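Residue numbers for the sequence shown follow the numbering used here, so the first one is 80 and each next one is one higher. By construction, the Cβ of each residue, glycine as well, lies at the ideal position given by its N, Cα and C atoms. Since this is a predicted model, take the numbers as computed values, not measurements. Encoded as structure tokens, the structure appears first; notes follow it.
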Amino acid sequence: MNSKQIHEMGVAELAAAIRHQQTSSVEAAQTLLARAKQHSNLGAYLAFNEELTLKQAEAADARIAAGERGPLLGVPLAHKDIFVTQGFPSTAGSKMLEGYQSPFDATVVSQLAAAGAVTLGKLNCDEFAMGGSNENSAYGVVRNPWDTTRVPGGSSGGSAVAVAARLAPATTGTDTGGSIRQPASFCGITGIKPTYGRCSRYGMIAFASSLDQAGPMAHSAADCATLLSVMAGPDIDRDSTSLDHPAEDYTRLLGQPREGATAAQPLKGLRIGLPQEFFGAGCAPDVIAAMRAALAEYEKLGATLVDISLPRTELAIPVYYIIAPAEASSNLSRFDGVKFGHRAAQYDDLIDMYKKSRSEGFGPEVQRRIMIGTYVLSHGYYDAYYLKAQQIRRLIAQDFQNAFEQCDVIAGPAAPTVAWKIGEKSDDPVANYLADIYTLPGSLAGLPGMSVPAGFGEGGLPVGLQLIGNYFKEAELLQAAHAFQQATDWHKRAPAL
């Protein structure tokens with residue numbers, strides 16, 4: 080066996096251990112399932128199907144015994160409960176879909192399964208992916224393993240906690256306005272949201288269709304690159320928002336110096352843009368200190384820092400919280416108690432059934448966003464709110480293109496603070512929304528972005544460095560993140576459990 084225990088290994092380490100028969104996929108799955116159940120107090124997992132998991136692991140071991148090789152073959156992973164998955168409940172963290180079993184797999188799930196990955200279970204998330212703290216799940220809050228009185232971030236909080244607490248070597252997440260990057264920051268792991276449309280949305284329960292994007296969450300940039308290489312690719316026959324852009328090997332630049340650079344300074348020539356709007360009074364001093372230390376490390380690696388501006392950053396919150404709820408109100412209209420979702424036990428007529436079913440099935444945050452979305456799409460308000468928000472969205476995207484004329488990568492905090500206390504912002508939705516100020520602009524523009532562990536702030540809580548690239552520049556982003564992780568060990572730190 081490797082000197083590390085199974086639960087301590089990342090994707091590449093575990094795949095190698097299984098491949099060299101130092102352990103088996105079955106043993107790895109059994110170990111991680113036991114650990115997940117041991118730490119059920121964290122609330123990361125919503126569902127297991129141990130019989131199915133072990134059957135998949137046995138099949139992976141058979142493929143390996145037959146001589147097959149692959150970077151994910153036999154590796155146990157877990158999926159955010161926003162992806163429909165055969166053999167497991169798919170609830171999107173909502174009572175509206177309690178007990179729902181999908182007859183098919185989401186494309187992301189099926190692609191990972193084809194690569195030999197084993198499904199450990201389904202992970203807790205904010206209801207219909209609406210939230211930034213994972214306090215909105217109908218099945219209980221998720222707790223940050225660094226401090227269980229704190230939130231893990233959301234909506235992919237269960238996904239982030241499973242990786243941080245070593246309950247899974249990697250997980251799938253979704254990012255609509257920062258829901259991979261912000262929980263990755265709060266939990267001290269690596270997560271990447273690719274260019275919008277790179278990963279298929281087929282089988283991903285929809286929140287806001289023009290923003291939702293799947294991505295991997297893992298210990299390291301290298302592991303994220305391995306997963307993304309399998310997850311991404313065109314799926315235009317089943318997803319109209321899928322980009323007809325060929326699949327890529329996102330690991331191809333890892334460990335490679337940039338053109339003209341040296342082994343000692345592998346990032347020489349990389350221009351890192353620092354938006355003045357990301358380092359202002361709204362960002363906590365402990366977060367800024369971690370950012371400055373991380374950026375100094377990048378300078379040692381040969382990168383140059385360039386001051387830039389994203390002047391419409393502060394408009395990202397009002398724009399997002401018009402567009403996303405508008406799309407949510409449309410997407411969630413299908414859950415009416417007739418064809419889809421929870422149906423009230425008692426009602427007087429059809430209208431009463433609609434009202435009671437939706438009132439009982441949807442939680443407060445989802446109801447809030449449906450109401451906002453319905454309002455901004457209503458006659459007399461569409462032009463004033465929704466149309467205007469779409470126009471500003473276009474300007475936000477143009478701000479990024481102007482910035483990329485001066486730099487190759489944009490860097491800054493993933494979140495303005497470390498994780499807050501559970502319940503601290505529950506009565507103030509706007510304060511909760513403001514925590515997404517640094518992730519929303521990139522989401523609105525459809526750009527790839529990631530969070531990389533970059534140190535610790537107040538209370539010994541993790542801080543994430545956000546890196547944003549231009550369209551289809553995921554490989555370059557991962558190269559820059561990997562070089563940083565080769566020079567630091569923040570991504571190797573784990574909470575004491």
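Is Q84 helix, strand or coil by DSSP? coil
Determine the direct distance from the alpha carbon of M432 to that of Y426, and round the result to whole angstroms. 5 angstroms
Output the boundary residues of the alpha helix (DSSP H) element that contains D431. 429 to 440
Neighbour-count burial assignment, E444, 16 or more Cβ in a 10 Å radius: buried
Check whether the stretch 479 to 488 touches the stretch 231 to 242, counting contact only when three or more Cβ pairs, one atom from each stretch, lie closer than 8 angstroms. no
Sequence-distant residues of its chain with Cβ nearer than 6 angstroms to G166 (five each side left out): N128, L131
Go to G200, then tell me how far its beta strand (DSSP E) extends in each direction, as first and last residue. 197 to 202
Decide if G585 is buried, meaning its Cβ has at least 16 other Cβ atoms within 10 Å, or exposed. The structure shown does not extend to residue 585, since the chain is modelled only from 80 to 576, so the question has no answer here.
Local Cβ density within 10 Å of Y461, reported as buried at 16 or more and exposed below that: exposed
Indicate the three-state DSSP secondary structure (helix, strand or coil) for K418 in the structure shown. coil
Could you tell me the alpha carbon to alpha carbon distance between L384 and E378, rounded to whole angstroms? 7 angstroms
Taking contact to mean 3 or more Cβ pairs, one atom from each stretch, closer than 8 angstroms, check whether the stretch 239 to 253 and the stretch 359 to 367 are in contact. no
I'd like to check one pair, A138 with K201: are the Cβ atoms closer than 8 angstroms? no
My understanding is that M209 touches F162, with C-beta atoms under 8 angstroms, so please give their C-beta distance in whole angstroms. Going by Cβ atoms, the distance from M209 to F162 rounds to 16 angstroms, so no, they are not a contact pair.
Could you give the DSSP three-state label for H99: helix, strand or coil? coil
On a Cα-Cα basis, can you pick out the residue from V197, V220, V417, I85 that is closest to M175? V417
Among G440, D140, K504, the one whose alpha carbon lies nearest that of L151: D140
Grab me the residues of A554's own chain with a C-beta within less than 7 angstroms of its C-beta, minus the 5 sequence neighbours each way, in chain order. E327, Y329, R331, L332
Measuring only the C-alpha atoms, how far is L526 from F483? 12 angstroms
On the three-state DSSP scale, how would you describe H158? strand
Can you have a look at V509 and say buried or exposed, based on whether 16 or more other CB atoms are within 10 angstroms of its CB? exposed
Using 8 angstroms as the cut-off, can you tell me whether the stretch 308 to 318 makes contact with the stretch 352 to 360, which would need three or more C-beta pairs spanning the two stretches below that distance? no
Looking at the structure shown, is F479 part of a helix, part of a strand, or coil, going by DSSP? helix
Go to L333, then tell me how far its alpha helix (DSSP H) extends in each direction, as first and last residue. Element bounds for L333: n/a, residue is neither H nor E.
Would you check whether the ligand SAM has a heavy atom nearer than 7 angstroms to the C-beta of L151? As far as ligands go, the structure on display features none, and thus does not contain the ligand SAM.
Can you give the Cα-Cα distance for G256 and P390, rounded to whole angstroms? 18 angstroms
Rounded straight-line distance, which links the Cα of N549 to that of L563: Before going on, a small fix: residue 563 reads as Phe here, not Leu. When rounded, the distance between both Cα atoms is 19 angstroms.
Inter-stretch contact (C-beta, 8 angstroms, three-pair minimum) for the stretch 181 to 191 and the stretch 212 to 222: no
Coarse secondary structure for P168, derived from DSSP in three states: strand
Using the Cβ count rule (16 or more neighbours within 10 Å means buried), how would you classify A424? exposed
Select from M283, L519, T228, A297 the residue whose C-alpha is nearest the C-alpha of L164. Per the sequence shown, residue 164 should be read as Thr rather than Leu. Checked all of M283, L519, T228, A297; the closest Cα to T164 is M283.
Neighbour-count burial assignment, M80, 16 or more Cβ in a 10 Å radius: Any reading at M80 is ruled out, since the residue's pLDDT is 46, under 50, leaving its predicted position unreliable.
First through last residue of the alpha helix (DSSP H) which encompasses L374: 364 to 379
Reference E147, options G195, A243, K116, closest by Cα: G195
Measure the Cβ-Cβ separation of L380 and Q344 and say whether it is below 8 angstroms. yes
Would you kindly report the start and end of the unbroken alpha helix (DSSP H) that includes Q109? 104 to 117
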